[in-house]
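Just below is one structure, and these are the notes that go with it.
Protein chains: 2
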Amino acid sequence: MAGHTTDITDIGRESSARNRVLDTATRLFYAEGVHAVGIDRIIAEAGVAKATFYKYFPAKDELVRAYIQNQSRLGRAAIDRIGKRPARDTVLAIFDLVADAAAQPGYRGCPFLNAAAEYPDPDHPVRQAIGEHRRWKHDLLRDLLAADGNPDPNTSADILTVAGDGLLIASHLDKPANLRQLIRETILQILGPSADR
Amino acid sequence: MAGHTTDITDIGRESSARNRVLDTATRLFYAEGVHAVGIDRIIAEAGVAKATFYKYFPAKDELVRAYIQNQSRLGRAAIDRIGKRPARDTVLAIFDLVADAAAQPGYRGCPFLNAAAEYPDPDHPVRQAIGEHRRWKHDLLRDLLAADGNPDPNTSADILTVAGDGLLIASHLDKPANLRQLIRETILQILGPSADR
DNA sequence: TTTGGTGTAGACAAATCTGTCTACTAGACA
DNA sequence: TGTCTAGTAGACAGATTTGTCTACACCAAA
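First to last, the protein sequences are chains A and B. For any residue, its number in my numbering is found by taking its place in the first sequence, counting from 1, and adding 136. For any residue, its number in my numbering is found by taking its place in the second sequence, counting from 1, and adding 136.
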């Protein structure tokens with residue numbers, strides 16, 4: 137411990153080359169799929185040497201795992217930005233994020249679902265990372281439902297997860313006309329009548 | 137027209153080599169993903185020469201398109217086997233097929249969603265074929281909902297599609313304990329109270 | 001000044017990818 | 001018998017894949 141030279145400002149800061157690789161991979165993997173993007177392309181667009189890449193990511197799958205964890209981090213940050221609200225409003229705001237994402241140019245559905253489709257083995261580290269994110273989100277919804285007075289928050293969280301995945305798919309593949317309205321109707325039908333009316 | 141030698145029994149029958157390729161591709165693409173399976177592997181397992189393969193499928197993407205259409209055909213056949221029932225029962229039976237599929241060994245989610253994840257370009261023929269199947273299923277649900285007396289069958293079909301995709305995802309990635317019950321609860325919540333009670 | 005860490009540039013290996021092409025075989029039919 | 005069709009076997013080309021390795025440059029700290 138003694139003698140290390142890490143400045144206080146270095147805490148949490150990571151190598152700029154590593155960040156460039158991860159940012160480039162996040163962009164390309166999401167836009168074109170994991171298997172469709174090769175290492176050579178990533179290092180070229182990130183402006184990084186091959187040896188540097190393999191220093192930080194000993195194999196491509198480790199980069200894919202880092203990509204999933206990065207998407208998870210970005211997703212949590214988006215939910216954090218919602219701020220403190222009544223439980224039911226928070227749930228609705230979380231699902232509004234689907235519509236927000238779908239409105240972005242280059243939207244291509246859920247990065248976790250897309251990546252899972254490319255990894256058949258459920259024990260693969262990439263699939264494990266996807267499972268972790270899904271469990272986190274499910275449990276978050278469950279706690280919010282419990283705070284909303286839902287009588288069976290666990291089952292309702294299952295149903296909300298189903299709805300969330302379906303909405304991410306629909307907003308990508310079907311592009312329904314009134315997505316925000318479809319989201320509201322779907323979620324309110326699942327949440328049931330609110331306590332205050 | 138005159139002079140062709142096709143026997144009456146040949147109508148609808150296709151080359152056995154072609155069928156072997158398509159069956160093998162259907163099995164491998166579903167189990168491992170489209171980009172993960174190469175032509176060499178398919179022709180080896182189908183027991184077909186490379187020249188024969190390229191005679192029937194001038195490019196891999198055409199095989200992928202045929203794979204999607206084959207899955208569509210299989211899906212329609214499964215729904216046909218349900219037989220004639222009251223509209224609401226038919227809808228519930230269609231969604232029971234999700235639980236049936238999820239109980240099969242080697243279940244890996246929805247072939248259409250998995251394939252769509254690997255084709256970013258929505259104008260690609262493979263994506264077009266996926267869109268065709270999705271529109272067919274959506275319209276089938278819409279007509280059944282209309283027959284069930286649903287006041288807004290189109291919107292309800294949108295919601296049922298969302299639920300169906302979400303259930304296919306959940307049954308694959310989350311493997312919830314009581315899938316059949318989750319399906320019933322989700323669908324009945326969307327369909328609303330039945331007319332006869 | 002020397003040493004260690006971080007990074008670049010790129011050759012290289014070995015495998016795999018799609019797609020083309022040649023040469024051959026077996027059966028059906030005229 | 002001769003011809004046409006379907007199919008087999010496999011070499012080949014050219015590109016692309018992941019991953020390793022060598023040689024060099026720069027900077028900061030001891």
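Where is the CB? At the ideal position from N, CA and C, for every residue including glycine.
Buried or exposed by the 16-neighbour rule on C-beta atoms within 10 Å, applied to residue i
| i | result |
| --- | --- |
| B/G242 | exposed |
| B/E150 | exposed |
| A/Q207 | buried |
| A/S307 | buried |
| B/A167 | exposed |
| B/R201 | buried |
| A/P329 | exposed |
| B/M137 | Bear in mind that the predicted position of B/M137 carries a pLDDT of just 37, short of 50, making it unreliable; the figure below should be weighed with that in mind. Counting Cβ neighbours within 10 Å, B/M137 comes out exposed, since fewer than 16 surround it. |
| B/N286 | buried |
| B/T141 | Reliability fails at B/T141, whose pLDDT of 32 lies under 50, so the model's placement of it is uncertain and the value that follows must be treated cautiously. Looking at its Cβ environment, which holds fewer than 16 other Cβ atoms inside 10 Å, B/T141 is exposed. |
| A/P312 | buried |
| A/N314 | exposed |
| B/P247 | buried |
Whether residue i touches residue j by CB criterion (8 Å)
| i | j | result |
| --- | --- | --- |
| B/D284 | A/D301 | no |
| B/R156 | B/V184 | yes |
| A/R221 | A/A213 | no |
| A/G245 | A/I323 | no |
| B/A253 | B/I266 | no |
| A/A299 | B/A238 | no |
| A/L327 | A/R224 | yes |
| B/R163 | B/Y192 | no |
| B/Q325 | A/Q325 | yes |
Member of the options whose CA lies at the smallest distance from the CA of residue i
| i | options | result |
| --- | --- | --- |
| B/A293 | B/L303, B/P287, B/I305, B/H274 | B/H274 |
| A/L210 | A/A282, A/L158, A/N286, A/I319 | A/L158 |
| A/I204 | A/L315, A/E268, A/I215, A/P329 | A/E268 |
| B/Y255 | B/T162, B/G169, B/T160 | B/G169 |
| A/T226 | A/L309, A/L277, A/N290, A/A161 | A/L277 |
| B/R271 | A/D310, A/L296, A/I295, A/N290 | A/D310 |
| B/F189 | B/F165, B/T160, B/I215 | B/T160 |
| B/L249 | B/T297, B/Q240, B/Q325, B/K191 | B/T297 |
| B/F165 | B/K191, B/S152, B/K196 | B/K196 |
| B/I215 | B/L303, B/N290, B/L280, B/T291 | B/L280 |
Any contact of the segment 260 to 272 of chain B with the segment 175 to 187 of chain A, i.e. 3+ C-beta pairs under 8 Å?
-> Between the segment 260 to 272 of chain B and the segment 175 to 187 of chain A, the count of Cβ pairs shorter than 8 Å is below three; the stretches do not touch.
Is there contact between the segment 317 to 332 of chain B and the segment 220 to 234 of chain B, where contact requires at least three CB pairs shorter than 8 Å?
-> yes
Chain-ordered residues of the segment 194 to 206 of chain B with a beta carbon less than 7 Å from chain A | none
Interfacial residues, the segment 272 to 298 of chain B to chain A, with Cβ spacing under 9 Å = From the segment 272 to 298 of chain B, only H274, T291, D294, I295, T297, V298 have a Cβ closer than 9 Å to chain A.
Can you list, in chain order, the residues of the segment 148 to 161 of chain A whose Cβ is nearer than 7 Å to any Cβ on chain B?
-> none
In chain order, what residues of the segment 210 to 232 of chain B put their CB closer than 9 Å to some CB of chain A?
-> none
Taking a Cβ distance cut-off of 8 Å, strictly less, list which residues of the segment 167 to 198 of chain B are near chain A, in chain order.
-> A167, E168, G169, H171, A172
Against chain B: residues of the segment 257 to 271 of chain A by CB proximity under 9 Å | P258, R263, I266, G267, R270, R271
Which residues, in order along the segment 304 to 318 of chain A, keep a beta-carbon less than 7 Å from a beta-carbon of chain B?
-> I305, A306, L309, D310, P312, L318
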